[in-house]
Amino acid sequence: MGSNRFNRRSFLHTLGTVGPASLAGCLWKPSGGNILDTHTHFYDPRRPGGVPWPPETDAILYRPVLPQEYRQLVEPLGVKGTVVVEASSRIEDNQWVLDLIAQEPMLIGLIGNLPVGESRFEPAWEKYRKNPKFRGIRIHSTQIAAALQPSLALDHLVEVGRAGLTLDVLVGPDQLGEVATLADKLQSVRIVVDHCANVPMGRAPHPSPWVSGLAACHYAPNVSMKVSGLAEGTGRSQGDAPRDMEVYRPIIDTLWHVLGEDRLIFGSNWPVSTRFASYPTVLGIVQDFFREVGPTAARKYFHRNGERIYGVRLPT
1 MGSNRFNRRS FLHTLGTVGP ASLAGCLWKP SGGNILDTHT HFYDPRRPGG
51 VPWPPETDAI LYRPVLPQEY RQLVEPLGVK GTVVVEASSR IEDNQWVLDL
101 IAQEPMLIGL IGNLPVGESR FEPAWEKYRK NPKFRGIRIH STQIAAALQP
151 SLALDHLVEV GRAGLTLDVL VGPDQLGEVA TLADKLQSVR IVVDHCANVP
201 MGRAPHPSPW VSGLAACHYA PNVSMKVSGL AEGTGRSQGD APRDMEVYRP
251 IIDTLWHVLG EDRLIFGSNW PVSTRFASYP TVLGIVQDFF REVGPTAARK
301 YFHRNGERIY GVRLPT
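Heads up: the sequence shown at position 242 corresponds to 242 in this note's numbering, and the numbers run straight through without jumps.
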């Protein structure tokens, strides 16, 4: 990774000794403030042609998921705005979300889904990047693998950086090290890892691809982490993921220790998260943690970091 050298053995030993976050001031009120949710999805299966995701067999998610429901759910909790992440593989569905955003002030940006590495990317990119609400794209592990060598995929990601937009990445624990390698190739691109790289919850960190990959990301300053997917990481898919923050503390503590207060951001993954826990539970877990570390870090995590990384502003 070029100049990003480190003593891996020493770093992993340090991660193994991370303890609870120290208790700081209690001025921040966890039920108030301005919260930016950087990870939501919206779709409507009633549209002509339906939707490619979620599938009709999904009894929980296969239904209209629209801004009015989200607003009613989160406004009482202090959430003032959200960045939408497009999960549909259909290029035209990016426009459908942008049309929603134009009608709903609470939706303040879109991370789109474009076919990186394909010839179809260029015309779609030229169309959508000009919209000020289009704040970047998301890629998956196969596209990351393609971009680790000279390729059309790498050329497309370079364009993301030139446009000053953001790259979300959806990977598993084993691919986190590849994200750090990609970040070294794309040093001008702000990269956000979704859902803590889908690491399982409920056990202490240990030397593993996730831990070593996170250590590499520490030395890639353009990589941030979306502390989302916590409830999903428990595997409790009947809406019964624990509310107790101690279940998630080993992972959150490690992220805090390795990446610090300027590289962590809040995302709910709603409505996918409803399969695992209610929105108040998802939000309450991280509120408990940041009530400990203090109001300055909380403001960064809950809105300032997200605003900076995605180039958006919460509605006033």
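Every residue, glycine too, gets a C-beta built ideally from N, C-alpha and C. The structure displayed is predicted, hence computed values, not measured ones.
Worksheet item: Can you list, in chain order, the residues of its chain whose CB lies under 6 angstroms from that of residue 175, leaving out five sequence neighbours each side?
Response: 141
Discussion item. Our contact map puts residue 262 next to residue 300 with C-beta atoms below 8 angstroms; I'd like the distance itself, whole angstroms only.
Written reply: 6 angstroms
Discussion item. Could you give the first and the last residue of the continuous beta strand (DSSP E) run that contains residue 134?
Written reply: 134 to 140
Worksheet item: Just to confirm, are residue 38 and residue 306 a CB contact at a threshold of 8 angstroms?
Response: yes
Discussion item. For residue 87, which residues in the same chain have their Cβ closer than 6 angstroms to its Cβ, ignoring the five residues on either side in sequence?
Written reply: 41, 53
Worksheet item: In three-state DSSP terms, what is residue 265?
Response: strand
Practice prompt. Check whether the Cβ atoms of residue 276 and residue 36 sit closer than 8 angstroms, and answer yes or no.
Written response: no
Discussion item. Whole angstroms are fine: how far does the CA of residue 170 sit from the CA of residue 195?
Written reply: 8 angstroms
Fill in: Pairwise C-alpha distance: residue 189 and residue 164
7 angstroms
Worksheet entry | Inter-residue CB distance, residue 223 and residue 183 (contact presumed, cutoff 8 angstroms) | 5 angstroms
Worksheet item: Quick one: Cα of residue 159 to Cα of residue 199, how far?
Response: 30 angstroms
Discussion item. Taking a contact to mean a Cβ-Cβ separation below 8 angstroms, would you say residue 121 touches residue 98 in this structure?
Written reply: no
Worksheet item: From residue 214 to residue 118, what does the alpha carbon distance come to, in whole angstroms?
Response: 30 angstroms
Discussion item. Looking only at its chain, what residues have a beta carbon closer than 6 angstroms to the beta carbon of residue 310, apart from the 5 residues adjacent to it on each side?
Written reply: 83, 109, 135, 166
Worksheet item: Closest to residue 271 by CA distance: which of 57, 66, 55 is it?
Response: 66
Item to complete: Would you mind sorting residue 44 into buried or exposed? The rule is 16 or more other CB atoms within 10 Å of its CB.
Response: exposed
Worksheet item: Nearest-angstrom Cα distance between residue 288 and residue 48?
Response: 43 angstroms
Worksheet item: Name the DSSP beta bridge partners of residue 191, please?
Response: 167, 223
Worksheet item: Taking the alpha carbon of residue 148 as the point to measure from, which residue in 177, 173, 124, 236 has its own alpha carbon closest?
Response: 177
Discussion item. Buried or exposed, going by whether 16 or more other CB atoms sit within 10 Å of the CB of residue 216?
Written reply: buried
Fill in: Alpha-carbon to alpha-carbon, residue 258 and residue 218
6 angstroms
Worksheet item: For residue 71, which option in 106, 62, 59, 100 has the closest C-alpha, if you only look at C-alpha atoms?
Response: 106
Item to complete: Indicate the three-state DSSP secondary structure (helix, strand or coil) for residue 258 in the structure shown.
Response: helix
Worksheet item: Less than 8 angstroms separating the beta-carbons of residue 138 and residue 111?
Response: yes
Discussion item. Taking a contact to mean a Cβ-Cβ separation below 8 angstroms, would you say residue 230 touches residue 191 in this structure?
Written reply: no
Worksheet item: Near residue 281, what residues of its chain come up, given a Cβ to Cβ distance below 8 angstroms and the 5 sequence neighbours on each side ignored?
Response: 231, 241, 243
Worksheet item: Skipping 5 residues on each side, what residues in its chain have a beta carbon closer than 8 angstroms to that of residue 251?
Response: 196, 199, 201, 205, 230, 233
Worksheet item: Since residue 247 is in the beta strand (DSSP E), which residue starts that stretch and which ends it?
Response: Premise fails: residue 247 is in no beta strand (DSSP E) and is neither H nor E.
Discussion item. Can you tell me which residues form a DSSP beta bridge with residue 84?
Written reply: 40, 110
Worksheet item: Nearest-angstrom Cα distance between residue 314 and residue 81?
Response: 6 angstroms
Fill in: Separation of residue 68 from residue 1, as counted between CA atoms
Because the pLDDT of residue 1 is 42, which lies under 50, any placement of that residue in the model is unreliable, and the question is left without a value.
Item to complete: Could you name the residues that DSSP lists as bridge partners for residue 328?
Response: Outside the displayed range of the chain (1 to 316) lies residue 328, so it cannot be described from this structure.
Practice prompt. Pull up the DSSP beta-bridge partners for residue 328, would you.
Written response: With the chain running from 1 to 316 in the structure shown, residue 328 is simply not present.
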